[in-house]
Amino acid sequence: MIFRVIFSTMIVQMKQSFARPMFRFCLLANPMLNTILLYEMYKNSGEENFMAYVVLGAGLMGLWGCICFSSAGDINRERYSGTLSLIFVAPTSFPIIILGKIIGNTLMSLLTLGISLATAKILFGIDLVLESPGYFLIALLASVITFIVISSVIACLLTLSRKTELYMNCIEIPMSLICGFVFPVSVLAPQVRIISYILSPTYAVELMRMAVWGVIDTTLFWEKMSILILLTIIYTLISVFLYKKIDRRVRIAATLEVA
Amino acid sequence: MIKRFFDQAYLYHKGRRAAFEAEGFVLMQIGYPLITLIFYCLIASYSFKTSNLTNWVIGNAFLLCTNACIFGLGNIFVSERYFGRLRSIIASPCAKLPLILASGVFPAFFAICASVCGLIVGAIVFKVDFTGINLFMVAVTIICAMISATCFGLFLSSLGLISDSMHLILNIVSYLMMIFTGAEFPVSQLPLPGRIISLLMPLTKTIAAMNSLFDGSSTTAMNILFDGSSTTAMNILFAEKSKAFWILLIGELATGLIYALLARTVFEYAERCARKNGKFDLF
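Right, dumping it as structure tokens:
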């Protein structure tokens, strides 16, 4: 039953998201334009494997953009459409429906990685170079899960605010900066790096980059993977806590509107 | 006439800022643009392996006008339609160019403030050296850049009359500005068609002019199209540094003027179609 609900919600969400011009921009145009921009910036850097920073960087920025402008604002969008209360009182639990929406968005957003790669190949002749494809798949799977969980936390936090649109716009670039989507976090100041290392996408990006270059130190790979899993579990707990808090508040106030 | 122009400009500004909130202003107008500037400067420092980020601080400080000029101005006619004022504007017998230009006065002013702030913050964070720089010329360059960017924004806003996908258009344009203006990497890296497009874009010439002020070289400014050394035809023609600088600024203002006229042309076309078809939208 739960899986059927998640699957149908995913399909509906994918159709709804793709109908929005802003999501289409994030999904299709953003990775292409970012790939061109990053390729030109990295062209004379001496970096030979453009997969690590150009293709992966542009794809991840696109993926994160999709999350910001869709998953993060989905609850608010339901409120605006007047369907939030219907979802909330439906027999299936509210977090399950939201989870289905977020999974749908995140899976569709993975297309940005493919578009980025295709743009790099067609325009600049960059080949797909994956030194450790097996490790890359593991890292990608872990990344998808962590992005789903982090989207869920953000969606909960934004549910409690009336300024969803403002915050959605404000988290796109800062996250790419702090988590080092297009450059290593070692470039950042040590004080900023503390924030980087409490955010799970930082590890997700580092793991994928390691796999692109080839995993030489497997202990380091699994060490980073363990931290990523630990952080993802913590985020999941935060998300569950927030959903419970929202549920309690809604039942006490008897409204799904924010103050 | 002039008083009416500025009254209209003030009314546009008042309308846009009616729902002003300090939190929104601090986050969207100050914090987010500055973080964007730092983000692209950090990419440049890593990819170009340099600690001298003067060119990127300048380029990205200029691009800070994107918020006011592209996203702010680009949605003018979309908002006019939304608030139901479009019919009054199209049906009124007044001249349309002053009306269009009036809406750009305050965004241009805010864009200048944003660029100056960006330049100052960028200079502090990335240690840009202002020693020996002619601040008057810096100020003139910023003003020219923002006038041109504002005219470009007005042209984009007129597209709101013929398209219902302004979000898509404005976001793509903001990226095109990063790619083609020379803010993130030298325009000479682009293939010839790309360099021609870059000349048609606003800000390209002022970014080159500003870079030439800081570089102290006469070759930078005129090598936008003609890659190579100072022996190219353009450099021989405009060997004198200040002459090349002023020509770039005039070129930038001419680009702005062309966009303002294009905005008027699109608007007049939409107006004619509205009168003929009895509806305001061309899509």
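Chains as they are written, first to last, in our numbering: chain A, 292 to 550; chain B, 591 to 873. From the three backbone atoms N, C-alpha and C, an ideal C-beta is built for every residue, glycine too.
Rounded to whole angstroms, the separation of the alpha carbons of A:I462 and A:L521 is 23 Å. With a minimum length of 4 residues, the unbroken runs of alpha helix (DSSP H) contained wholly in the region 391 to 471 of chain A fall at 402 to 415, 424 to 450, 455 to 461, 463 to 469.
Scanning chain B for C-beta atoms nearer than 7 Å to the C-beta of A:Y333 yields S637, reported in chain order.
Counting only the Cα atoms, B:L676 lies some 5 Å from B:E670. Residues of the region 436 to 469 of chain A that bring their beta carbon within less than 9 Å of a beta carbon in chain B comprise K454, L457, Y458, N460, C461, E463, I464, P465, S467, L468, in sequence order.
Following the DSSP letters along the chain, one finds B:N801 inside the alpha helix (DSSP H) bounded by residues 794 to 805. Distance from B:L654 to B:L627 at the Cβ level is roughly 7 Å; contact confirmed, criterion being Cβ atoms closer than 8 Å. Per the C-alpha coordinates, the member of B:K869, B:G614, B:L839 positioned closest to B:S738 is B:L839. In this structure the region 657 to 672 of chain B does not lie against the region 534 to 545 of chain A, because fewer than three pairs of beta carbons, one per stretch, are closer than 8 Å.
Within chain A, L328, E331, M332, K334, N335 have C-beta atoms less than 9 Å from the C-beta of B:F775, given in sequence order.
A check of alpha carbon separations from B:S788 across B:V718, B:G841, B:T640, B:H603 identifies B:G841 as the nearest. Within its own chain, the residues whose Cβ lies closer than 6 Å to the Cβ of A:I417, once the five positions on either side in sequence are excluded, are F341, A411, listed in chain order. B:K833 carries a helical assignment under DSSP once its states are collapsed to helix, strand and coil. For A:A320, the nearest CB of chain B lies under 8 Å from its own CB, placing it at the interface with that chain. Here the alpha carbon of B:V777 sits roughly 17 Å from the alpha carbon of B:A834. Proximity of B:A612 to chain A, defined by a Cβ-Cβ separation below 8 Å, is not satisfied. The three-state secondary structure of B:D597, taken from DSSP, is helix. At the C-beta level, A:M323 and A:V473 stay beyond 8 Å of one another. By the neighbour-count criterion, in which 16 or more other beta carbons inside 10 Å mark a residue as buried, A:M301 falls on the buried side.
Approximately 6 Å separates the beta-carbon atoms of A:L457 and B:L617; this is inside 8 Å, confirming the contact. Within the region 301 to 313 of chain A, the residues whose Cβ lies closer than 7 Å to some Cβ of chain B are P312, M313, listed in chain order. Chain B places a beta carbon closer than 8 Å to that of A:V473, counting this residue as a contact. Taking a Cβ-Cβ cut-off of 8 Å, A:R500 has no neighbours in chain B, whose nearest Cβ is about 13 Å from it. Of all residues in the region 617 to 630 of chain B, only L617, M618, G621, Y622, I625, T626, I628, F629 place a beta-carbon less than 8 Å from a beta-carbon of chain A.
Against chain B, a Cβ distance below 8 Å from A:V478 picks out L632, S635, Y636.
Taking A:L404 as the centre and dropping the five residues before and after it, the same chain places the C-beta of G350 closer than 6 Å to its C-beta, in chain order.
A contact between stretches requires three or more CB pairs, one per stretch, nearer than 8 Å, and the region 788 to 800 of chain B meets this requirement with the region 729 to 737 of chain B. Spatial neighbours of A:N321 in its own chain (CB-CB distance under 6 Å, excluding positions within 5 residues in sequence) are listed in chain order as G353, G356. At the C-beta level, B:A701 and B:A658 come within 8 Å of one another. Taking 8 Å as the cut-off, the Cβ atoms of A:I406 and A:L347 do not count as close. Annotation: B:S832 to B:G649 spans about 20 Å, alpha carbon to alpha carbon. Proximity to B:F696 across B:D719, B:G784, B:P781, B:D597 peaks at B:D597, based on C-alpha coordinates. Within the model, the alpha-carbon separation for B:A713 versus B:P683 is close to 48 Å. For the pair of segments examined, the region 486 to 501 of chain A was found not to touch the region 371 to 378 of chain A: the number of CB pairs separated by less than 8 Å stays below three. Annotation: A:F316 is outside any alpha helix (DSSP H) and is labelled neither H nor E by DSSP. Nearest in C-alpha terms to A:F316, of all of A:Q304, A:F360, A:L328, A:K392, is A:F360.
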